[in-house]
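Quick notes on the structure that follows.
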Amino acid sequence: MKKNLKKSLSGISVPERIQRITHLIDSFDNFDEILLHIKDPIVSLFDAERMTIFFIDETNGEVFSKIKTGAAPNEIRVIVNKQSIVGYVASTGACLSINNAYDQNELKAIYPDLNFDKSWDKRSKYHTKQILAYPLMYQNSLFGVIQIINKKSSEQITHLDRANLHKISRLIAQAFYVNSKMMNKYKSKFDYLISKYIISQSDLNKALAEARKRKCDIADVLIEDYKINKSLICKSFSVYFKVKYLEYDNSYTPPEELLSYIKMKNPIKFMRHNGWVPYKKENERILIVCDDPTNERKISEIQLVLGDTQFDFMVGLRRDIVRLIDKLTAQPIINKLTVQPKKSFNHVESELKVTKENSFQEEIKEIDENDSLIARHVNQIIAQACSKGASDIHVETCPGKQNTIIRLREDGDCYLYKEIPANWKKAFVSRIKIMANLNIAERRLPQDGKIQLSIKGKKIELRVATIPTHGGNEDVVMRILADQEPIPLDKLNLSPWNYQLFLDSVNKPHGIFLVVGPTGSGKTTTLHSALNHINKPELKIWTAEDPVEITQKGLRQVQINPNIDLTFSTALRAFLRADPDVIMIGEMRDHETANICIGASLTGHFVFSTLHTNSAAETITRLIDLGIDTLNVGDALQGVLAQRLTKTLCPFCKENYRPSKSEIDELGSQYGEKFMPELQETFESNSMCKPRGCPRCDNSGFKGRTGIHEILVVNQEIKKLIQKKAPAEQIRESAIKNGMRTLKQDGIWKVLKGDTTFDRIRAVCSV
């Protein structure tokens with residue numbers, strides 16, 4: 024493999040080699056994989072014999088070898104001080120360039136106590152001469168040291184070597200920084216122990232296997248077999264679940280009234296089985312110790328058995344929870360426990376059927392008397408909103424005895440749909456939260472979830488957002504996402520010039536094309552129309568979307584899931600290892616995703632994506648603001664399509680009329696006098712359309728929406744402006760001069776075409 028690597032790198036310039044190392048770093052998510060894949064290219068880049076990368080162990084004040092080449096000891100550990108070469112670099116953050124490690128005078132000239140530990144050479148029977156060591160620094164933080172040993176072709180370490188190692192060290196430090204940030208998200212409740220070197224992943228796997236074999240809790244195995252302090256395991260749970268932890272204290276005596284809050288007979292067995300116990304009461308809220316405070320099933324059951332009582336969570340080990348339950352069992356109150364639920368709780372329980380499943384995937388059928396009252400109303404509202412073609416359902420709870428308002432958004436506009444009784448509001452919101460698998464006990468913080476269901480055989484997904492409002496209430500907004508087919512490109516209502524520009528841009532072999540606009544402006548629909556146009560068996564197309572709204576045969580589509588760290592950037596890195604021709608990324612939200620998109624487009628792939636910007640020209644300045652190099656933006660970007668959705672006239676009742684001279688003059692001045700010849704034929708028709716109203720459009724005169732567009736194509740002139748970081752207005756003027764027509768101009772063309780009115784264009788874009 025090394026011979027093949029040397030052969031593949033022969034004749035390649037140093038900048039190209041560094042670029043290849045950069046691509047390797049971007050291609051892997053796992054940091055250990057990154058190090059394994061870049062070690063040989065780095066050694067080759069410096070024509071060196073060996074390389075070692077050290078990382079800091081803050082707990083012990085040492086640096087330890089993470090990756091090595093050559094027959095070095097299994098692990099090298101060095102104290103962070105100025106007495107060793109690596110320790111000096113780690114403690115000072117300075118670069119060291121040494122031409123003879125055995126020359127004590129050269130070392131003392133750097134620092135009087137600086138020494139080279141010759142024992143490493145004796146153990147490995149190797150002779151170290153030249154050493155180039157550089158700190159791994161990013162965001163003003165030191166992560167470790169990279170050390171290059173013995174150049175083959177030269178007796179001296181050059182200024183170019185130092186400059187190149189500076190670049191490489193920053194790339195590695197940045198990758199480590201990103202990796203450590205991901206680790207800090209703690210994907211499992213034991214990741215804290217791994218990150219602090221308390222236990223290795225392999226030992227944790229062995230402990231898990233042993234726990235399964237014994238049929239016991241893994242925490243017990245870690246404490247008994249691996250001698251890990253119980254408080255460290257509790258700390259790990261606390262960091263993962265983001266709540267305080269509780270260690271069992273034998274002196275604890277539970278308050279006698281605790282069990283009186285639990286509205287069920289014989290709760291002890293129930294609590295043992297489910298791993299939770301009430302601990303104490305604070306500020307009118309019960310403090311619950313639970314082994315998994317994020318388990319929605321447990322939260323729902325606790326909510327039901329506590330009735331109207333509010334509660335908060337602490338996390339604890341299951342062994343401690345059992346001992347706390349035993350303490351409760353010993354209390355005299357256990358013999359008096361015949362508490363009946365409050366009337367208000369009985370009322371809610373009878374009308375609210377709680378599902379214990381992870382997601383709601385039932386068929387909404389005809390409403391009958393066997394359904395729960397609240398469930399039937401929620402189902403009815405969702406079903407009717409879908410049948411009306413609404414895009415959003417708004418549930419607005421009000422303080423006191425005011426009724427809860429339900430509003431729908433249809434064709435971009437909100438309107439009052441119905442009101443429900445004030446005393447239903449908590450149960451109504453709870454029902455939606457249960458369907459979306461949200462925490463019904465948490466009413467103080469916003470939450471996001473999803474509901475999957477089927478209406479008359481059609482799959483529907485609702486994105487649910489809850490927001491706490493005044494008076495202890497919660498509002499809910501549900502966005503309706505129905506399975507859709509892609510719209511053919513020629514049905515997008517693009518003007519003839521925009522249609523041709525769009526075709527020319529998306530048929531390029533590589534580059535990046537962006538569709539921009541506000542939320543709900545149809546960006547995803549347009550992207551899928553473009554993908555549908557180029558979707559052929561000879562092209563491999565990957566998409567990363569959140570959510571997947573439109574499905575197409577031939578596309579490999581990935582649903583983003585941030586809860587498990589499947590983000591746009593993670594998916595994009597995976598795509599680059601999966602032999603893509605075309606990639607579609609649902610949104611470029613950050614520098615990391617944008618940078619990988621640009622890199623992918625520069626390496627022979629065509630990339631589609633979206634941004635939230637107001638115009639095509641502003642998109643370019645936004646990319647630069649995200650930290651993307653202007654040269655790369657100019658080289659990669661093929662074009663930008665900005666769009667809005669505007670309401671269209673009802674095709675069944677719209678009326679033709681002859682516009683007045685003042686209307687024509689206003690449209691002409693807004694379009695631009697020098698561009699008037701383009702519209703001369705349309706103006707000569709002397710006819711426009713206006714709304715009338717009929718039953719099919721609810722007498723509004725408008726039905727459905729269409730897009731208005733502007734397409735900026737990146738030519739040589741635009742590239743020069745990008746490289747100069749020219750303002751958006753200057754880029755816009757250049758694009759118009761070269762044939763771009765603005766959103767406003769495209770909207771006016773559609774007014775004259777009879778699709779909409781000028782008032783509707785005013786409502787969606789600046790005129």
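Positions in the sequence shown are counted from 1; adding 23 to them yields our numbering.
Yeah, the Cβ is synthetic: ideal placement off N, Cα and C, and Gly gets one too.
Computed from a predicted structure; not experimentally measured.
- Residue ranges of uninterrupted beta strand (DSSP E) with 3 or more members, entirely inside the stretch 609 to 675 and ordered along the chain, are 629 to 634, 660 to 672.
- Nearest to Asp80 by alpha-carbon distance, out of Lys747, Glu39, Ser218, Ile191, is Ser218.
- DSSP places Ala113 in no beta strand (DSSP E) but in the uninterrupted alpha helix (DSSP H) bounded by 108 to 115.
- Per DSSP, Ser410 has no beta-bridge partner at all.
- When DSSP assignments are scanned along the stretch 422 to 478, the uninterrupted stretches of alpha helix (DSSP H) that are 4 or more residues long and fall wholly within it turn out to be 448 to 458.
- When the beta-carbon positions are compared, Gly730 and Gly545 come within less than 8 Å of each other.
- DSSP, read as helix, strand or coil, puts Arg43 in helix.
- Around the C-beta of Met699, fewer than 16 other C-beta atoms lie within 10 Å, and the residue is accordingly described as exposed.
- Take the alpha-carbon of Thr542 and the one of Ser261: they are about 36 Å apart.
- In the DSSP assignment, Ile133 falls outside any beta strand (DSSP E) and lies within the alpha helix (DSSP H) extending over 127 to 133.
- Ranked by Cα distance from Thr574, the first of Arg600, Asp602, Met607 is Met607.
- Separation of the CB atoms of Cys620 and Leu654 is rounded to 15 Å, and the pair is thereby denied contact status at 8 Å.
- When C-alpha distances from Leu775 are compared across Cys720, Met294, Glu740, Arg681, the shortest belongs to Arg681.
- Ile535 is the residue among Ile535, Leu512, Asn761 whose C-alpha sits nearest the C-alpha of Gly627.
- Judged by beta-carbon spacing, Ile510 lies beyond the 8 Å limit of Thr547, meaning their Cβ atoms are not closer than that value.
- Rounded to whole angstroms, the separation of the alpha carbons of Ile428 and Ile443 is 7 Å.
- For Gly770, the secondary structure class from DSSP, reduced to helix, strand or coil, is helix.
- Around the beta carbon of Pro158, a 10 Å sphere encloses 16 or more other beta carbons of the protein chains shown; the residue is thus reported as buried.
- Among the bridge pairs identified by DSSP, Glu419 is matched with Ile428.
- With respect to the C-alpha of Asp658, the residue from Ser632, Phe631, Gly622, Gly650 having the closest C-alpha is Gly622.
- The stretch 561 to 578 makes contact with the stretch 608 to 617, as at least three CB pairs between them are under 8 Å.
- Inter-residue distance for Asn530 and Ile557 is about 7 Å (C-alpha atoms, whole angstroms).
- Shortest Cα-Cα distance from Arg454 to any of Ile48, Gln326, Ile587 involves Gln326.
- Note on Lys559: under 16 other CB atoms within 10 angstroms of its CB, so exposed under the neighbour-count rule.
- In this structure, the alpha-carbon of Thr636 lies about 6 Å from that of Thr642.
- Around the Cβ of Ala758, a 10 Å sphere holds 16 or more other Cβ atoms; the residue is buried.
- Of all C-beta pairs linking the stretch 122 to 129 to the stretch 159 to 167, fewer than three are shorter than 8 Å, placing the two stretches out of contact.
- Two segments are said to touch when three or more pairs of C-beta atoms, one from each, lie closer than 8 Å; by this definition the stretch 243 to 261 does not touch the stretch 186 to 205.
- When C-alpha distances from Asp315 are compared across Leu269, Ile291, Pro278, Leu329, the shortest belongs to Leu269.
- Listed as beta-bridge partners of Lys713 by DSSP are Glu678.
- Per DSSP, Ile754 is one residue of the alpha helix (DSSP H) stretching across 751 to 760.
- Per DSSP, reduced to three states, the secondary structure at Leu310 is strand.
- With a threshold of 16 other beta carbon atoms within 10 Å, Lys212 meets it and is buried.
- Assigned with DSSP and collapsed to three states, Ser67 falls in helix.
- Per the C-alpha coordinates, the member of Gln403, Lys258, Ser274, Ala639 positioned closest to Val338 is Lys258.
- Bridge partners of Gln507 according to DSSP: Ile573.
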